[in-house]
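Residue numbers (the working numbering): 243 to 505.
Every residue, glycine too, gets a C-beta built ideally from N, C-alpha and C.
Right, one structure below, let's go through it.
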């Protein structure tokens, strides 16, 4: 339950919307099998009409790969690595953990060329962190924040990075995983069921909370990179929006044959 990560009015509105779906829907199509499982479980526990709702899922995609050239090979120097985070700056995304981790890494060696790039606008709930980010002594040096990035900016960041760092405490899917896979970019992911479903074995997973957990993950990943053992994105992860749309249309045309059925 991540209700504390969103404003109260959003949590309340979402809860009311779910109740309407539970009362009126004949079927629900979710953006991952993990979400479908959780939604079906919620339906089975709630009061009111819930029997007979077919709950199924499809995968999200990204723009076609053909317009993007292959990503350059990453350097293997232990003291040089560029890490990328993509997503709105808000409590659920784990940005506080990440910056805590990189502050510790930078403090351990002033000469290290390990960098962190954050791509995403400021959302809500992290006013103290916003101030910390805007006044950070490494901002513009080993720390970059693109708060108004274009599609081309995002593409360039994926091309110029050595790994995607995805520290979220909860997601429905995790679209940056597909974007990273399309760019053949290695990934460091918090060990969430959704991330396991989307990335498969093609990512380095970590658990634990707080900055020390992220720091350990980054250091472990760097050791794996030196040994040429970093997991590489699986080819099946990087589907396009066209392929995603075909999946969705197939689910609709089949009458939403359920992954689960509530009731």
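Close-in-space but distant-in-sequence residues of the same chain around residue 308 (CB under 8 Å, 5 per side omitted): Model confidence at residue 308 stands at a pLDDT of 46, short of 50, so the residue's coordinates are unreliable; what they give is reported in the following sentence. So no residue of the chain qualifies.
In chain order, each alpha helix (DSSP H) run of at least 4 residues that lies wholly inside the region 323-369: 337-350
Through-space distance from residue 392 to residue 324, alpha-carbon basis: 20 Å
Neighbour-count burial assignment, residue 262, 16 or more Cβ in a 10 Å radius: exposed
Segment contact, 8 Å Cβ cut-off, at least three pairs: the region 456-468 with the region 480-495: no
Residue span of the beta strand (DSSP E) that contains residue 405, given as start and end: 405-408
Member of 472, 473, 322, 443 whose CA lies at the smallest distance from the CA of residue 351: 322
Contact between the region 430-446 and the region 398-416 (3+ Cβ pairs under 8 Å): yes
Local conformation of residue 295 per DSSP, three classes: coil
Spatial neighbours of residue 379 in its chain, beta-carbon cut-off 6 Å, leaving aside the 5 residues before and after: none
Cβ-based neighbour list, residue 449, same chain, cut-off 6 Å, excluding 5 preceding and 5 following: 433
Helix, strand or coil at residue 427 [DSSP, three-state]: coil
Cβ contact check for the region 357-365 and the region 469-480: 3 or more pairs under 8 Å: no
Simplified DSSP state of residue 317, which is helix, strand or coil: Bear in mind that the predicted position of residue 317 carries a pLDDT of just 49, short of 50, making it unreliable; the figure below should be weighed with that in mind. Coil.
Residue 273 - DSSP class collapsed to helix/strand/coil: coil
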